[in-house]
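Residue numbers (mature numbering (1 follows the signal peptide of the UniProt record, and there is no 0)): -23 to -1, 1 to 312.
The structure is reproduced here in structure tokens:
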């Protein structure tokens, strides 16, 4: 089952739902907004992933198979989406029940800091697990003449989908180099479209945040000579302090076109579940299935799934009650 919605439309719709629920008092005051009434748990789950050229979409497909085979869910339908922001918005509206998300975006959501939501806190988002690190890739054509992010002044840059976690990190990277909108032309699009545009010389650079290695970049590099721009240590530290990301090195072994490691920043890819539509028991089963069947994941990122690191990046995101019970039983220190 594949459904495509634009992140901008979903974010706006989430804002409308949230603000109408707040009534006349919704003035960006950061109040919790109650979604729905009595808890209405479901077993036919919709799972928000990402664009088809990235890691979220194929990973969501493999996790959906694992969850259908090893939990009491009747079905788990993974859907293409604009990424973290859209997935959180759809769960907030109780349209979707599971979603992949960057940890920084999830923290912004529960703290009422997502753009366009006027301080509304997403109060039905429950953390299931950190899955793997997602590195910021700053991709240019090898013949572009760009040697650093500073050189991108005046360039046309793909910065990620509207409302996506990639967009937030892209903005942080560019701002750390003194580049604000007006200093460059932003192309708001998903990763797959950006690689095609880069190959066709329609844009100068693409910034995306994704698990390493990502097939879409490997495929691009097979037909177009590309390079990755790196960050110096001081800039990586500055971005980390401002965005919740962490300094990270993309290994030279990740892509054939790299001769050395590339310094960048990384966030964590996490699985979240609705606390109002996914029961404690089903949340427990989903959490258990991740770690008991991680060896069935064929993507490289599956090797990073580790119960000891399941709570990295959780920040202020509440644990789903089912995940909390599972980790407690496994002796994992709870936040």
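Where a beta carbon is used, it is the ideal one built from N, C-alpha and C, also for glycine.
Return the bridge partner residues of residue 56 from the DSSP annotation. The residue you call residue 56 lines up with position 79 of the chain shown. Residue pairing by DSSP places residue 56 opposite 25 in a beta bridge.
For residue 31, which residues of its own chain have a beta-carbon under 6 Å away from its beta-carbon, when the five flanking residues on both sides are left out? Here residue 31 corresponds to residue number 54 of the chain shown, with the count starting at 1. Excluding residues within five positions, the ones whose Cβ falls inside 6 Å are 168 and 187.
Considering residue 303, what are the terminal residues of the alpha helix (DSSP H) in which it resides? In the chain shown, counting from the first residue as 1, residue 303 sits at position 326. Residues 298 to 307.
As assigned by DSSP and simplified to three states, the class of residue 121: Here the question's residue 121 lines up with position 144 in the chain shown. Three-state result, residue 121: coil.
When you compare only the Cα positions, how much space is there between residue 15 and residue 291? As a first step, residue 15 is located in the chain shown; it is residue number 38 there, counting from the start. As a first step, residue 291 is located in the chain shown; it is residue number 314 there, counting from the start. Residue placement at residue 15 is poorly supported in this model, since its pLDDT is 48, which falls under 50; the coordinates still yield a value, given next. Each residue's Cα considered, the two are about 27 Å apart.
Could you give the first and the last residue of the continuous alpha helix (DSSP H) run that contains residue 69? Your numbering for residue 69 matches position 92 in the chain shown. Unbroken alpha helix (DSSP H) run through residue 69: 61 to 69.
Supposed contact pair residue 271 and residue 243 - C-beta distance, whole angstroms, cut 8 Å: Taking the first residue of the chain shown as position 1, residue 243 is located at position 266. Taking the first residue of the chain shown as position 1, residue 271 is located at position 294. In fact, because the Cβ distance is near 20 Å, the residues do not count as touching under 8 Å.
Flag this pair as touching only if the stretch 170 to 180 and the stretch 189 to 209 have three or more C-beta atom pairs under 8 Å; answer yes or no. Contact between the stretch 170 to 180 and the stretch 189 to 209 is present, because at least three Cβ pairs lie under 8 Å.
Which residue spans inside the stretch 219 to 280 form an unbroken alpha helix (DSSP H) run of at least 4? Qualifying alpha helix (DSSP H) stretches, in chain order: 257 to 269.
Span separating the alpha-carbon of residue 54 from that of residue 41: Stepping through the chain shown from its first residue, residue 54 is reached at position 77. Stepping through the chain shown from its first residue, residue 41 is reached at position 64. Each residue's alpha carbon lies about 7 Å from the other.
Is the distance from the Cβ of residue 79 to the Cβ of residue 146 below 9 Å? For the purposes of this step, residue 79 is identified with residue 102 of the chain shown, where counting begins at 1. For the purposes of this step, residue 146 is identified with residue 169 of the chain shown, where counting begins at 1. Contact flag set, yes.
In three-state terms, what does DSSP make of residue 8? Reading the chain shown from its first residue, position 31 is the one you call residue 8. Bear in mind that the predicted position of residue 8 carries a pLDDT of just 39, short of 50, making it unreliable; the figure below should be weighed with that in mind. If DSSP states are grouped into helix, strand and coil, residue 8 belongs with coil.
When DSSP labels each residue in this structure, what does residue 163 get in the three-state scheme? The residue given as residue 163 occupies position 186 in the chain shown. Three-state result, residue 163: strand.
Based on the DSSP output, what are the partners of residue 79 in its beta bridges? Looking up residue 79 in the chain shown gives position 102. DSSP lists 246 as partners of residue 79.
First and last residue of the uninterrupted beta strand (DSSP E) at residue 134: Numbered from 1 along the chain shown, position 157 holds the residue referred to as residue 134. Segment 133 to 135, the beta strand (DSSP E) holding residue 134.
Reducing DSSP to helix, strand and coil, say where residue 282 ends up. As a first step, residue 282 must be located in the chain shown, where it is residue number 305. The answer is coil: DSSP assigns residue 282 none of H, G, I, E or B.
Among the residues of its own chain, which have a CB less than 8 Å from the CB of residue 178, if the five just before and after it don't count? By 1-based counting over the chain shown, the position of residue 178 is 201. Same-chain partners within the cutoff: 118.
Counting pairs of Cβ atoms below 8 Å between the stretch 252 to 272 and the stretch 216 to 235, do you hit three or more? The stretch 216 to 235 and the stretch 252 to 272 do not touch, with fewer than three beta-carbon pairs separated by less than 8 Å.
Taking C-beta to C-beta, are residue 63 and residue 138 nearer than 9 Å? The count along the chain shown starts at 1 and reaches residue 63 at position 86. The count along the chain shown starts at 1 and reaches residue 138 at position 161. Contact: yes.
Name, in chain order, the residues that DSSP records as bridge partners for residue 103. The residue labelled residue 103 in the question sits at position 126 within the chain shown. Under DSSP, residue 103 forms a beta bridge with 250.
In terms of alpha-carbon separation, which member of 68, 44 and 112 lies closest to residue 250? In the chain shown, residue 250 corresponds to position 273, counting from 1. Here the closest residue by C-alpha is 68.
I'd like the span of the alpha helix (DSSP H) that includes residue 287, first residue to last. As a first step, residue 287 is located in the chain shown; it is residue number 310 there, counting from the start. It is not in any alpha helix (DSSP H) - residue 287 carries neither H nor E in the DSSP assignment.
Sheet register partners of residue 204 (DSSP bridge): On the chain shown, residue 204 is found 227 positions in, with the first residue counted as 1. Beta-bridge pairing by DSSP links residue 204 to 117.
Identity of the residue in 225, 273, 156 and 103 nearest residue 238 by Cα: In the chain shown, residue 238 corresponds to position 261, counting from 1. Among 225, 273, 156 and 103, the Cα nearest to that of residue 238 belongs to 225.
Identify the continuous beta strand (DSSP E) that holds residue 171 and give its terminal residues. Mapped onto the chain shown, residue 171 falls at position 194. Segment 168 to 176 is the alpha helix (DSSP H) holding residue 171; no beta strand (DSSP E) there.
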